Structure formats: structure tokens, C-alpha cells
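A.B. asks:
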Ligand SMILES: [Mn+2]
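Residue numbers (the working numbering): 1 to 302.
What follows is the structure, encoded as C-alpha cells:
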């Protein structure tokens with residue numbers, strides 16, 4: 001079944017395919033960007049991020065671990081159907097459900113709507129609903145965008161229909177419509193916006209996030225690269241000023257990951273508008289730090 005929906009990319013993350021017996025984390029690309037409302041091109045992100053990873057070192061100071069001997073397993077890309085979010089999300093969901101049975105998984109987008117397919121597959125694999133932590137410049141809580149339900153601009157709303165708004169926390173957002181903010185509050189979505197977050201210490205933020213995650217048996221993290229300030233991550237589909245610093249975002253995510261974290265995604269990087277490929281390099285670095293953290297957490301679990 002899986003072979004039907006996964007295809008090889010010309011590049012492999014860190015240049016080595018990885019061994020399932022040596023690293024609990026798999027990476028899967030989802031080169032789909034048909035729902036982008038502003039500037040398309042994130043379909044090229046899985047390839048560019050893999051290529052950027054080839055020039056980065058694999059030692060993580062945060063984890064005190066190197067991925068050189070134990071790289072994550074790059075499973076290739078989901079076969080996407082350009083122009084059809086519904087057909088693509090079906091494939092993403094099938095792949096996610098199968099790989100989540102026994103593996104931790106990181107998905108490389110693609111536009112943000114892919115998260116819906118991933119979480120749908122995760123819920124099926126778990127048989128229960130996880131908590132979802134979202135880092136995003138946008139709230140993405142509109143019921144639809146110009147009449148289209150499966151837009152990247154509605155992904156958090158769609159995911160809330162799978163897991164419940166109270167099981168989602170959105171961090172770092174600063175781009176909302178007044179109506180969607182009202183609906184999000186009414187639905188009980190947990191929120192810390194970019195302005196609040198930048199006045200808090202990392203420890204204060206972590207305490208709030210951990211309180212939230214303590215209510216669930218499983219967790220999933222969705223990282224939209226546009227939560228990071230465009231000064232550091234200009235190569236995104238819909239940049240939004242006044243974002244977070246990369247180190248804060250990586251510290252936050254790696255500190256949150258523990259043995260109940262099932263996986264994550266990194267979406268919305270757009271190599272076609274990325275001067276000097278800086279955003280792809282940053283994305284590759286984020287993947288290295290997250291991968292090392294997963295390796296450390298699951299090693300010490302045994
Ligand atoms: Mn966004």
C-alpha cells in the first residue's frame with residue numbers, strides 16, 4: 001500500500017537514507033502547494049531543504065547528540081495531486097496512518113493544509129485524539145477561504161474538527177481577521193499571540209505549553225515557518241512581520257518534545273522566493289535539532 005503513495009526525491013535528508021532500527025523518526029515530504037493564496041512554490045521545499053541539509057553539520061548542542069551515525073529515515077515524498085487538495089489529503093492521510101503505526105514522523109510541506117491529512121491519519125493510527133501545538137503567524141481559523149474549505153488559510157479550523165479546538169494551542173500568531181479571532185475564542189482554542197509570547201520568558205511559555213499538553217496522552221507539533229520573523233525566514237508563502245527569532249522557536253519545540261510526541265510538520269517554506277536559500281537552510285537546521293531531540297528522548301526511554 002505504502003509504495004503506491006511514496007516516491008523518491010532526487011535528494012535525501014543529510015545525504016543518507018537512515019536505518020529504521022537505529023532512529024525512531026521518519027521524514028516524509030509532501031510537495032503540494034495548490035491551496036496557497038498568495039505565492040506558490042512550497043512544493044519545492046522538501047527538495048531544497050534536503051539539499052540544504054547536505055551542507056550542515058549534524059551535531060546538536062541542545063541534545064548533545066550527533067545524527068551522523070543515526071540519521072532520521074527519509075521515506076521520500078507522498079504522491080500528491082496538484083490542483084486537488086482533497087485527493088492529496090487522502091494520500092497524505094493513508095501514508096500518515098501507516099507510518100505512525102510504530103514510527104515517529106516529521107512531514108515536510110508543502111503548504112499548511114497538509115497538516116489536516118497528517119492529523120487525520122494520526123487520529124486513525126492512535127484511535128484517539130492528540131493535542132496539537134501549532135506555531136504560525138496566522139490563526140488559520142476561518143470556516144472557509146473564499147468558499148474553499150481545504151485552504152491553507154483554514155487549516156487550524158479543519159484540524160479543530162478532527163481533535164476539538166480545546167485540544168489545540170496556537171503560538172506566535174499576529175495575523176488574524178477579527179471574526180476568526182472571535183470564533184476561535186468562542187470555540188475555546190488555546191492561544192498565545194506573538195506580542196504576548198515575546199514579552200514572556202521561555203520558561204513561562206514552556207510552563208503554559210506543558211500545562212496544555214498535560215491534558216493529552218499524545219501530542220503533535222505543526223510548525224509553519226512563517227511564525228519566524230521574515231528577517232530570518234523570508235522564503236515563505238505569506239510572510240508576516242513581527243515574528244519570533246529562530247533560536248526561540250527551536251528551543252521551544254525541542255524542549256516540548258517528549259516521549260508522548262508522535263510527530264511534527266514543517267510547512268510553508270517557499271524556495272522560489274528565498275534569497276540565498278536562507279529559509280531552506282534554517283528549515284534544515286530545525287529538522288536536525290528536532291531529529292536529535294527525538295533520538296535523545298526515545299533513546300533514554302529504553
Ligand atoms: Mn501561516
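Virtual Cβ for every residue (Gly too), placed ideally from N, Cα, C. Computed from a prediction, not measured in an experiment: that's the story for all the values here.
By Cβ distance, which residues of its chain are closer than 7 Å to residue 219, with the 5 residues on each side in sequence left out?
C.D. replies: The answer, listed in chain order, is 130, 131, 133, 213, 260, 261 and 262.
A.B. asks: In this structure, what does DSSP give as the bridge partners for residue 104?
C.D. replies: 25, per the DSSP bridge assignment.
A.B. asks: Does the Cβ of residue 268 lie closer than 8 Å to at least one heavy atom of ligand 1?
C.D. replies: Checking the Cβ of residue 268 against ligand 1 gives yes.
A.B. asks: Which runs of the beta strand (DSSP E) fall wholly inside the region 133-195 and span at least 3 residues, in chain order?
C.D. replies: Taking only runs of at least 3 residues, the beta strand (DSSP E) segments lying wholly in the region 133-195 are 168-173 and 190-193.
A.B. asks: So what does residue 269 bridge to, in DSSP terms?
C.D. replies: 236, per the DSSP bridge assignment.
A.B. asks: Does the beta carbon of residue 45 fall short of 8 Å from some heavy atom of ligand 1?
C.D. replies: No, Cβ of residue 45 sits at least 8 Å from all heavy atoms of ligand 1.
A.B. asks: Would you call the region 43-50 in contact with the region 86-101, where contact means no fewer than 3 C-beta pairs closer than 8 Å?
C.D. replies: No contact exists between the region 43-50 and the region 86-101.
A.B. asks: Is residue 261 helix, strand or coil when you go by DSSP?
C.D. replies: Three-state result, residue 261: strand.
A.B. asks: Taking 8 Å as the cut-off, does the region 175-189 touch the region 202-213 (at least 3 CB pairs, one atom from each stretch)?
C.D. replies: Touching, no.
A.B. asks: Between which two residues does the beta strand (DSSP E) holding residue 74 run?
C.D. replies: From DSSP, the beta strand (DSSP E) with residue 74 extends over 73-78.
A.B. asks: Looking only at C-alpha atoms, which of 246, 222, 76 and 223 sits nearest to residue 233?
C.D. replies: Of the listed residues, the one whose Cα sits closest to residue 233 is 246.
A.B. asks: Would you list the residues sitting across from residue 95 in a DSSP beta bridge?
C.D. replies: Its beta-bridge partners do not exist; DSSP assigns none.
A.B. asks: Along the alpha helix (DSSP H) that carries residue 255, what are the first and last residues, could you check?
C.D. replies: Looking at the DSSP string, the run of the alpha helix (DSSP H) that includes residue 255 is 246-256.
A.B. asks: Kindly examine ligand 1 and report whether one of its heavy atoms sits closer than 8 Å to the Cβ of residue 140.
C.D. replies: Within the cutoff, so yes.
A.B. asks: Using a 10 Å radius around the Cβ and a threshold of 16 neighbouring Cβ atoms, would you call residue 289 buried or exposed?
C.D. replies: Buried.
A.B. asks: Does the region 121-128 come within contact of the region 46-65, defined as at least 3 CB pairs closer than 8 Å?
C.D. replies: The answer is no - the region 46-65 does not touch the region 121-128, with fewer than three Cβ pairs under 8 Å.
A.B. asks: With H, G and I counted as helix, E and B as strand and the rest as coil, what does DSSP make of residue 301?
C.D. replies: Unreliable placement is indicated for residue 301, whose pLDDT of 48 sits below 50; the coordinate value is still reported in the next sentence. Three-state result, residue 301: helix.
A.B. asks: Please confirm whether any heavy atom of ligand 1 lies closer than 8 Å to the CB of residue 229.
C.D. replies: Every heavy atom of ligand 1 is 8 Å or more from the Cβ of residue 229, so no.
A.B. asks: So residue 32 and residue 115 are supposed to be a Cβ contact under 8 Å. How far apart are they, rounded?
C.D. replies: Not quite, the Cβ-Cβ distance comes to about 11 Å (not below 8 Å), so this is no contact.
A.B. asks: Cα-Cα, which of 24, 142, 170 and 146 is closest to residue 104?
C.D. replies: For residue 104, the nearest C-alpha among the options comes from 24.
A.B. asks: Taking 8 Å as the cut-off, is the beta-carbon of residue 136 closer than that to any non-hydrogen atom of ligand 1?
C.D. replies: Flag set: Cβ of residue 136 near ligand 1.
A.B. asks: Among all the DSSP beta bridges, which residues are the ones paired with residue 111?
C.D. replies: Answer is none; residue 111 lacks a bridge partner.
A.B. asks: If we ignore side chains and look at the alpha-carbon of each, how far apart do residue 84 and residue 150 end up?
C.D. replies: The alpha-carbon atoms of residue 84 and residue 150 are separated by roughly 10 Å.
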